[in-house]
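In my numbering, the protein residues as written are 171 to 853.
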């Protein structure tokens, strides 16, 4: 070995030895944790498994840098070393007024600062926060100077018992004014030893959001409006005393026992017996709501004064359960509550507790769950013909004086009109249809909307010069067009790029049919993603060139291989650097369903609003696309006389989410029988 290398290794070893002699524990380069001397030394023996906070005091007597800030978290570990699978715990950050879960980013946790000697001694609030776990855990203090993965863990990791509050614990609160000023130490101790702490905290106002509702010191414990409140979780059938500021000569409460689990007792009240649990809780889903009903509780002491209704949702992680939010406090004579304004399709869980006049709280009721429903209504938006239907769709959705620039397309044939949706979306405009002349009803709708500018889609074979001249008398008119349907789709895409600053993604649909392009129109509108038209077996030169000119990197093909062949998909893939995805079904109805599901998965729309149009003609779906987009919904296509199976399955699958099914067009377009079939599915 070379002498220079030996000298370097010796120098490194000497440096490490010096660091060790100074008491510094340096995390390894791989991110493994170091250890600081100290840990929790003043803390309770018992912790509730729910979101009941506890205070603890910890110190660091060695291993940390002087005058240095560290992020700090409390972890309840199953062993003396942390384990990402079994770690639990939340830490309160008083600066942000938030509880931070053990797995969240280090920079969200509170900050502590060592003194000039590298020492720490401070209070911190924590909670376990997983009602599915209980048993023996270690209380570990972990620190991070940088917020990176490397940490310092405490050398002291005392054992705590995490109580399942349903079966092994109860709560106590003062029940009357304690006489204490704010922020004093409050503790529950063993009767036999005042140094054996069962529960530890501070009297209100403690500046802690104890019930996780976003507001500090609004907890409902003890007398209303009094400072000095406390609330602790204690083991049942265990004698205890409560002290304030360790005033052992004049204890607040001496030698008490709570015999029953899952109750909350007002220790200093005249009545210290909890009411019975409300029985037979039921949760019935309604439209964006859940109706809760339960049997009245009983109380042999001060009498039932009311109820506490709690709601929560399932946690996305196995590492914690969500806190239960207090959402209502009905009075004693009320045994029902309507929970409104909920998100349809999501599951909510509930429980109810009774409260008596002395603030004793009953055990929880049984748990009830429900999934709110949509309104599940149907309507028809139509006019006497395709032009009147387009106007009806516009007037149903767009407010007076809400549109400055309107998009107008021909209602006589589909080719140029197919690509209009994305441009209409940029302008926030309906798509209005024009025939061989400008009608009074069309100009009346344009005026109602407050239109000043009109953009015509397609060449003069689609929208004639006569129409352009007629409209120009009252509006500023421009035209976006190309030599054919494919060039027009490119012209529209270029206009969208100019107005939005560009895009990297486009839809690709066949240009010799209308169904697939219309199915995607709500998402083209809502996301300003242009629809470029291709031939089933080839890419038109103008589209090929535009892919590069527009800077497109990703494509979404709408339709199966008969509509856009595998060869075209391969060519598109070669032209773009990103991904090319195909969304399709075996026919136009299944493709529309697949497109709807795809858009919902992307977050572009939802089944709260479902537009339904005939799949055999284009005008109603063309005018309906912007309406579905404005309602953040989807567009489905059906056979005019028989409800198509893909529409039926979509409605059945997403029934709970649906507020409204809007049928576009008259009964000659979508029959009364189809509407009846839809209504039957929503029953």
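Heads up, the beta-carbon is just placed ideally off N, CA and C, and yes, glycines get one too. As the structure is a computational prediction, the values presented were derived from the model and not from experiment.
Tell me which residue opens and which closes the beta strand (DSSP E) that residue i is part of.
i	result
residue 795	That residue, residue 795, is in no beta strand (DSSP E); its alpha helix (DSSP H) goes 789 to 800.
residue 451	449 to 456
residue 699	Careful: residue 699 lies outside any beta strand (DSSP E) and carries neither H nor E.
residue 229	224 to 232
residue 784	779 to 784
residue 357	355 to 360
residue 371	367 to 372
residue 292	290 to 297
residue 498	495 to 498
What's the gap between the Cα of residue i and the Cα of residue j?
i	j	result
residue 628	residue 490	58 Å
residue 611	residue 561	8 Å
residue 625	residue 806	27 Å
residue 644	residue 776	38 Å
residue 850	residue 790	23 Å
residue 315	residue 482	35 Å
residue 705	residue 589	14 Å
residue 584	residue 578	13 Å
residue 399	residue 229	27 Å
residue 272	residue 844	54 Å
residue 500	residue 796	44 Å
residue 535	residue 469	15 Å
residue 833	residue 463	37 Å
residue 601	residue 563	9 Å
residue 152	residue 383	Since the displayed the chain opens at 171 and closes at 853, residue 152 lies outside it and no answer follows.
residue 364	residue 418	8 Å
residue 699	residue 613	29 Å
residue 485	residue 518	11 Å
residue 358	residue 267	26 Å
residue 852	residue 549	13 Å
Just to confirm my understanding: we take residue i, look at its own chain, exclude 5 residues before and 5 after, and list those with CB closer than 7 Å. What are they?
i	result
residue 543	455, 456, 457, 514 and 826
residue 842	none
residue 837	none
residue 749	724
How far does the alpha helix (DSSP H) with residue i in it extend, from its first residue to its last?
i	result
residue 618	610 to 619
residue 821	815 to 823
residue 683	From DSSP, residue 683 is part of no alpha helix (DSSP H); its letter is neither H nor E.
residue 855	The structure shown does not extend to residue 855, since the chain is modelled only from 171 to 853, so the question has no answer here.
residue 467	Here residue 467 belongs to no alpha helix (DSSP H), and DSSP marks it neither H nor E.
Taking 6 Å as the limit between beta carbons, can you name the residues of its chain near residue i, skipping five residues before and five after?
i	result
residue 847	813
residue 424	411
residue 648	625
residue 479	497, 498, 507 and 522
residue 495	481
residue 545	457 and 829
residue 502	474, 475 and 476
Compute the distance between the beta-carbons of residue i and residue j, then report whether it is under 7 Å.
i	j	result
residue 205	residue 239	no
residue 712	residue 779	no
residue 527	residue 476	no
residue 541	residue 509	no
residue 307	residue 330	yes
residue 618	residue 682	no
residue 783	residue 769	no
residue 684	residue 726	no
residue 233	residue 277	no
residue 339	residue 218	yes
residue 766	residue 695	no
residue 573	residue 621	yes
residue 427	residue 414	no
residue 250	residue 327	yes
residue 662	residue 722	no
residue 669	residue 596	yes
residue 248	residue 261	no
By DSSP's criteria, residue i is part of a beta bridge. Which residues make up the other side?
i	result
residue 271	260
residue 605	Looking at the DSSP assignment, residue 605 forms no beta bridge with any residue, so it has no partner.
residue 509	460
residue 405	339
residue 204	322
residue 309	246
residue 478	523
residue 333	218
residue 719	Answer by DSSP bridge pairing: none, since residue 719 is not bridged.
For residue i, collect the residues of the same chain with a Cβ closer than 8 Å to its Cβ; drop the 5 residues on either side in sequence, then sort them by chain order.
i	result
residue 236	284, 285, 286, 287 and 288
residue 839	552, 559, 783, 784, 787, 790 and 810
residue 439	345, 346, 472, 528, 529 and 530
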